[in-house]
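The letter at position 267 of the sequence shown is residue 445 when you use my numbering, and the numbering goes up by one with no holes. The beta carbon of each residue, even a glycine, is placed where N, CA and C say it ideally should be. This report concerns only the one structure given below.
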Amino acid sequence: MDPAQPADRVPADQTPPDGQPPVTPTGATDAVAGSGPSKGPAGGGSATGAGTEAALVETAAGTDGGEPALVEPAPDAAAVDADVPPARPAAGGRPAGKEKSRSERSPKDMALSLLVLLVPIALLVAFYRGFLGGEQPTVIDAAPAYEQARAANAFPVSEPAGLGSGWRTVSASYRTVEGGANLRVGYLTPEGRGVQLVQSDVPPEKLLPAELTAEGQPQGPTDLGGRNWQRYTGRGNDQALVLLEPNRTILVIGDARENELRQLAGSLR
């Protein structure tokens with residue numbers, strides 16, 4: 179006969195009866211798991227399988243109640259990423275630092291940019307001058323203004339004769355003004371300077387200050403075609419030749435040279 183075994187000793191032979199699976203002692207299972215044997219409620223109920231009961235954690239030591247608390251699930255990574263706005267690309271779809279700032283442009287770049295702007299402008303100016311007659315004065319016919327002045331019969335009307343082809347008529351008008359009437363014809367000299375021929379019956383003391391301004395000062399007489407003209411200064415660089423007659427006054431005034439003024443005054447017939 180075998181010696182009597184203690185009541186709490188696990189039999190060495192753990193072979194189960196026929197047809198039953200091996201049984202691991204509760205103490206050995208706890209030792210492998212690193213914890214002591216689970217203590218169920220009174221009555222010796224066994225623990226349920228893994229994953230079938232809710233995960234519980236014990237409350238921190240020192241707190242009252244002792245009831246277990248549910249473990250909150252970890253935040254969803256996709257939800258966290260959804261709250262973060264995506265990175266915005268650089269303006270214009272270009273990475274920062276790719277585009278040259280204006281302060282970094284070389285003098286050569288600026289010169290090329292200026293050349294690109296000036297070339298079309300130069301072409302337009304050349305086309306305007308060469309093909310459209312740009313900057314060429316518009317030549318008019320002064321005959322209607324002379325005919326209107328003669329028809330009014332306010333004063334004798336003289337007209338230039340024998341001027342060369344370089345003289346161009348650019349304006350002509352006959353108008354009634356306070357104190358009389360004025361016949362005004364504008365010419366462009368062969369040198370490209372402007373001259374006006376004014377014939378009027380307005381009193382000289384009123385006409386001369388209006389045409390020559392306060393700067394007009396007499397410079398002495400000069401003879402042209404047997405008639406006695408007076409030389410005057412005018413506004414700015416203007417010079418004038420003035421012929422005083424009983425019923426009219428003639429002025430040849432402009433910034434032309436004196437020889438051109440004398441040529442126009444001497445051609446009046």
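Cut-off 7 Å between Cβ atoms - residues of its own chain near residue i, not counting five sequence neighbours on either side
{"i": "Leu-292", "result": "none"}
{"i": "Val-258", "result": "Its pLDDT being 47, under 50, Val-258 is placed unreliably in this model, and the coordinates cannot settle the point."}
{"i": "Gly-227", "result": "The predicted position of Gly-227 is uncertain, since its pLDDT is 41 and thus under 50; no value can be drawn from it."}
{"i": "Gln-395", "result": "Tyr-410, Thr-411"}
{"i": "Ser-343", "result": "none"}
CB contact flag (residue i, residue j, <7 Å)
{"i": "Gly-357", "j": "Val-380", "result": "yes"}
{"i": "Gly-412", "j": "Ile-431", "result": "yes"}
{"i": "Leu-442", "j": "Val-373", "result": "yes"}
{"i": "Tyr-365", "j": "Thr-347", "result": "yes"}
{"i": "Leu-451", "j": "Trp-407", "result": "A question about residue 451 goes unanswered here, because the residues of the chain that appear run from 179 up to 447."}
Identity of the residues DSSP links to residue i by a beta bridge
{"i": "Gln-441", "result": "According to DSSP, Gln-441 bridges with nothing at all."}
{"i": "Trp-407", "result": "Thr-400"}
{"i": "Arg-426", "result": "The partner list for Arg-426 (beta bridge, DSSP) is empty, contrary to what the question assumes."}
{"i": "Arg-328", "result": "Answer is none; Arg-328 lacks a bridge partner."}
{"i": "Pro-368", "result": "DSSP output for Pro-368 lists no bridge partner at all."}
{"i": "Gln-417", "result": "Thr-411, Gly-432"}
{"i": "Leu-293", "result": "According to DSSP, Leu-293 bridges with nothing at all."}
{"i": "Val-363", "result": "Ala-350, Leu-375"}
{"i": "Pro-338", "result": "Leu-446"}
{"i": "Val-355", "result": "Gly-358"}
Where residue i falls, given that 16 or more other Cβ within 10 Å makes a residue buried
{"i": "Asn-360", "result": "buried"}
{"i": "Glu-436", "result": "exposed"}
{"i": "Ala-238", "result": "Its pLDDT being 42, under 50, Ala-238 is placed unreliably in this model, and the value from its coordinates should be taken loosely. Classification of Ala-238: exposed, given that the 10 Å Cβ count is below 16."}
{"i": "Ala-327", "result": "buried"}
{"i": "Leu-419", "result": "buried"}
{"i": "Pro-338", "result": "buried"}
Nonlocal neighbours in the same chain, by C-beta distance under 6 Å from residue i, ignoring five residues either side
{"i": "Val-363", "result": "Ala-320, Ala-350, Leu-375"}
{"i": "Glu-438", "result": "Thr-367"}
{"i": "Ala-434", "result": "Thr-367, Arg-371, Val-373"}
{"i": "Leu-341", "result": "Ser-445"}
{"i": "Tyr-352", "result": "Ala-323, Gln-326, Ala-327, Leu-361"}
{"i": "Leu-296", "result": "none"}
Among the options, the one whose alpha carbon lies nearest that of residue i
{"i": "Gly-370", "options": "Glu-337, Arg-409, Thr-316, Ser-445", "result": "Thr-316"}
{"i": "Gln-397", "options": "Pro-338, Val-430, Ala-304, Arg-409", "result": "Arg-409"}
{"i": "Arg-405", "options": "Ala-388, Leu-390, Leu-446", "result": "Leu-446"}
{"i": "Glu-393", "options": "Ala-300, Gln-417, Ala-330", "result": "Gln-417"}
{"i": "Glu-423", "options": "Gln-395, Pro-285, Asp-433, Pro-382", "result": "Pro-382"}
{"i": "Leu-386", "options": "Trp-345, Pro-399, Leu-429", "result": "Leu-429"}
{"i": "Val-355", "options": "Leu-296, Ala-329, Ala-388", "result": "Ala-388"}
{"i": "Trp-345", "options": "Ile-318, Met-288, Asn-331", "result": "Ile-318"}
Other residues of its chain near residue i: CB distance less than 8 Å, five sequence neighbours each side excluded
{"i": "Arg-426", "result": "Phe-333, Pro-334, Gln-377, Ser-378, Asp-379"}
{"i": "Lys-384", "result": "Gly-357"}
{"i": "Arg-440", "result": "Thr-400, Leu-402, Leu-419"}
Residue-level contact to chain B via CB, residue i, 7 Å cutoff
{"i": "Gly-344", "result": "Among the chains of the structure shown, chain B does not appear; only one protein chain is present."}
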